[in-house]
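Notes to accompany the following structure.
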Amino acid sequence: MKKVLVTYFSASGVTAKVAEKLAGSIGADLFEIKPQVPYTEADLDWTNGNSRSSVEMKDKSFRPEIAVECKVEHMPEYDTIFVGFPIWWYVAPTIINSFLEQYDLTGKKIVTFATSGSSGMGSTNSELAPSCKGAVIAGGERFSAGVNAEKLKSWAEKFI
Numbered sequence: 200m201k202k203v204l205v206t207y208f209s210a211s212g213v214t215a216k217v218a219e220k221l222a223g224s225i226g227a228d229l230f231e232i233k234p235q236v237p238y239t240e241a242d243l244d245w246t247n248g249n250s251r252s253s254v255e256m257k258d259k260s261f262r263p264e265i266a267v268e269c270k271v272e273h274m275p276e277y278d279t280i281f282v283g284f285p286i287w288w289y290v291a292p293t294i295i296n297s298f299l300e301q302y303d304l305t306g307k308k309i310v311t312f313a314t315s316g317s318s319g320m321g322s323t324n325s326e327l328a329p330s331c332k333g334a335v336i337a338g339g340e341r342f343s344a345g346v347n348a349e350k351l352k353s354w355a356e357k358f359i
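Okay, here's the thing in structure tokens:
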């Protein structure tokens, strides 16, 4: 039987709710990606070009630090890893790259999903590909905060 992990980064709690529903609907393990320094409301102000998130997203090579205790134990045991995040500037926040680059993902299936009020996934999967060497990247689905568990399960089962 394939082992499945749902990982997520959620600055405001919206992605966390979707990830929790997804993991529950497919019987997967759940893991939160946490930054070493939590984001504040001011950090997330996308209208301020000098906010932390704006500065990070302008530099595609920037890698925010992951919290020291934030390490998936037994990563080699997982076959399929769902990775959820909010859309920032039409792509995944660079903390997702930080997370993925910590592991040898060779032979794994990485399935992306995101939350956003209106922005699509853009070039997210192609921008994450270099951080997932040896893995297959699939998915690329955006969900609203109110998505139901049945819809998530139906979508996810295509990748398991």
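Remember, this note's numbering sits 199 above the position in the sequence shown when you count from 1. Yeah, the Cβ is synthetic: ideal placement off N, Cα and C, and Gly gets one too.
In the DSSP secondary-structure assignment, Thr311 is bridged to Val282, Gly338. Beta bridge pairing from DSSP links Leu351 with no other residue. Counting other Cβ atoms within 10 Å of its Cβ, Asn296 reaches 16 or more and is therefore classed as buried.
If the five residues before and after Gly212 are omitted, its C-beta is found closer than 6 angstroms to no C-beta atom of its own chain. Nearest to Val282 by alpha-carbon distance, out of Ala348, Asn247, Val217, is Val217.
With 16 or more other Cβ atoms inside 10 Å of its own Cβ, Val203 counts as buried. Within the stretch 229 to 285, the runs of alpha helix (DSSP H) at least 4 residues long that lie entirely inside it are, in chain order, 251 to 257. Using a Cβ-Cβ distance cut-off of 8 angstroms, the stretch 293 to 312 and the stretch 331 to 348 are in contact, since at least three pairs of beta carbons, one from each stretch, lie closer than that value. At the C-beta level, Ile225 and Lys352 come within 7 angstroms of one another.
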